[in-house]
Amino acid sequence: KAGVTQTPRYLIKTRGQQVTLSCSPISGHRSVSWYQQTPGQGLQFLFEYFSETQRNKGNFPGRFSGRQFSNSRSEMNVSTLELGDSALYLCASSSGASLQETQYFGPGTRLLVL
Amino acid sequence: QQQVKQSPQSLIVQKGGISIINCAYENTAFDYFPWYQQFPGKGPALLIAIRPDVSEKKEGRFTISFNKSAKQFSLHIMDSQPGDSATYFCAANEQGAQKLVFGQGTRLTINP
């Protein structure tokens, strides 16, 4: 079974631009979560989608948004990029059958904002 | 506000030794506690997880000890090997939500 895939793997943007990151979950998984990883703040939860609906949300500004499609693939968008948005963005999937399942992480998208 | 505190930040252990990483939490609504291992350039991978109704769980060389009254849990890696060199994260999931809160991570180095 293929793992979680994320595209692109690396991205360079400038301040003020917007960016869209993509995540394909493990086949059959319906829950997709997004996390931001930085050296200073560590791993922080952004949001979780299940069956195309945002089910949980972290403490990030409205510039961070996401969506999930009917095939469970998910995208996250960051608008008006700031230097502090430079980070590794990780996507994780789980089957969604319960709320205490293993979350399987992808390799991440490394975003650099100049 | 750091909901899950992890220590130490870095740890060096000799091959064959025991590596111990500790975590503490405040939120009593947490009811699922996984440990993740992350290698450079990779996403975190689940090592082992425990629920608060169990005080210890062992899988191979990896053991989680859980103290519900003290709100602490720890990872023990027995017979540590150079291939165990990685960053380890403890995490906690709040009851009723698919939302992991991570500790700050421990960079483990196993010297051959």
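Read top to bottom, the protein sequences are chains A and B.
Mapped onto my numbering, the consecutive letters of the first sequence carry residue numbers 1 to 114.
Mapped onto my numbering, the consecutive letters of the second sequence carry residue numbers 1001 to 1112.
Ideal placement from N, C-alpha and C gives every residue a C-beta, glycine not left out.
Residues that residue i contacts on chain B, provided the C-beta gap is smaller than 7 Å
i: residue 55 of chain A; result: 1098
i: residue 31 of chain A; result: 1098
i: residue 21 of chain A; result: Simply none; closest approach about 13 Å.
Of the listed residues the options, nearest to residue i (C-alpha basis)
i: residue 1071 of chain B; options: B:1038, B:1032 and B:1059; result: B:1032
i: residue 1048 of chain B; options: B:1055, B:1034 and B:1082; result: B:1034
i: residue 1095 of chain B; options: B:1016, B:1027, B:1021 and B:1017; result: B:1027
i: residue 1064 of chain B; options: B:1085, B:1043 and B:1024; result: B:1024
i: residue 10 of chain A; options: A:109, A:113 and A:114; result: A:109
i: residue 1009 of chain B; options: B:1099, B:1098 and B:1090; result: B:1090
i: residue 62 of chain A; options: A:91, A:77, A:72 and A:21; result: A:77
i: residue 67 of chain A; options: A:8, A:103 and A:33; result: A:33
i: residue 104 of chain A; options: A:40, A:70, A:91 and A:22; result: A:91
i: residue 20 of chain A; options: A:79, A:96, A:112 and A:95; result: A:79
Proximal residues of chain B, C-beta to C-beta of residue i below 8 Å
i: residue 115 of chain A; result: With chain A running from 1 to 114 in the structure shown, residue 115 of chain A is simply not present.
i: residue 94 of chain A; result: 1098
Reduced DSSP secondary structure (H/G/I, E/B, other) of residue i
i: residue 114 of chain A; result: coil
i: residue 16 of chain A; result: coil
i: residue 1079 of chain B; result: coil
i: residue 42 of chain A; result: strand
i: residue 11 of chain A; result: strand
i: residue 83 of chain A; result: helix
i: residue 1031 of chain B; result: strand
Limits of the unbroken beta strand (DSSP E) element including residue i
i: residue 1057 of chain B; result: 1056-1059
i: residue 172 of chain A; result: Since the first and last residues shown for chain A are 1 and 114, residue 172 of chain A lies out of range.
i: residue 1102 of chain B; result: 1100-1102
i: residue 134 of chain A; result: As displayed, chain A neither begins before 1 nor continues past 114, which places residue 134 of chain A out of reach and without an answer.
i: residue 71 of chain A; result: Segment: none, residue 71 of chain A is in no beta strand (DSSP E) and carries neither H nor E.
i: residue 1065 of chain B; result: 1062-1067
i: residue 1007 of chain B; result: 1004-1007
i: residue 1095 of chain B; result: Segment: none, residue 1095 of chain B is in no beta strand (DSSP E) and carries neither H nor E.
Per-residue contacts from residue i into chain A (C-beta, under 8 Å)
i: residue 1104 of chain B; result: 42
i: residue 1101 of chain B; result: 45
Where residue i falls, given that 16 or more other Cβ within 10 Å makes a residue buried
i: residue 1077 of chain B; result: buried
i: residue 1019 of chain B; result: buried
i: residue 59 of chain A; result: exposed
i: residue 101 of chain A; result: buried
i: residue 1093 of chain B; result: buried
i: residue 98 of chain A; result: exposed
i: residue 84 of chain A; result: exposed
i: residue 1069 of chain B; result: exposed
i: residue 87 of chain A; result: buried
i: residue 1016 of chain B; result: exposed
i: residue 1014 of chain B; result: exposed
i: residue 1054 of chain B; result: exposed
i: residue 48 of chain A; result: buried
i: residue 1099 of chain B; result: buried
i: residue 53 of chain A; result: exposed
Contact list for residue i against chain B, beta-carbon separation under 9 Å
i: residue 107 of chain A; result: 1041, 1042 and 1043
i: residue 48 of chain A; result: 1097, 1098 and 1099
i: residue 90 of chain A; result: 1043 and 1044
Distance cut-off 7 Å: residue i Cβ against heavy atoms of the ligand GTP
i: residue 81 of chain A; result: Ligands are entirely absent from the displayed structure, and the ligand GTP is therefore not among its contents.
Contact set between residue i and chain A, taken where Cβ atoms lie within less than 9 Å
i: residue 1089 of chain B; result: 42 and 43
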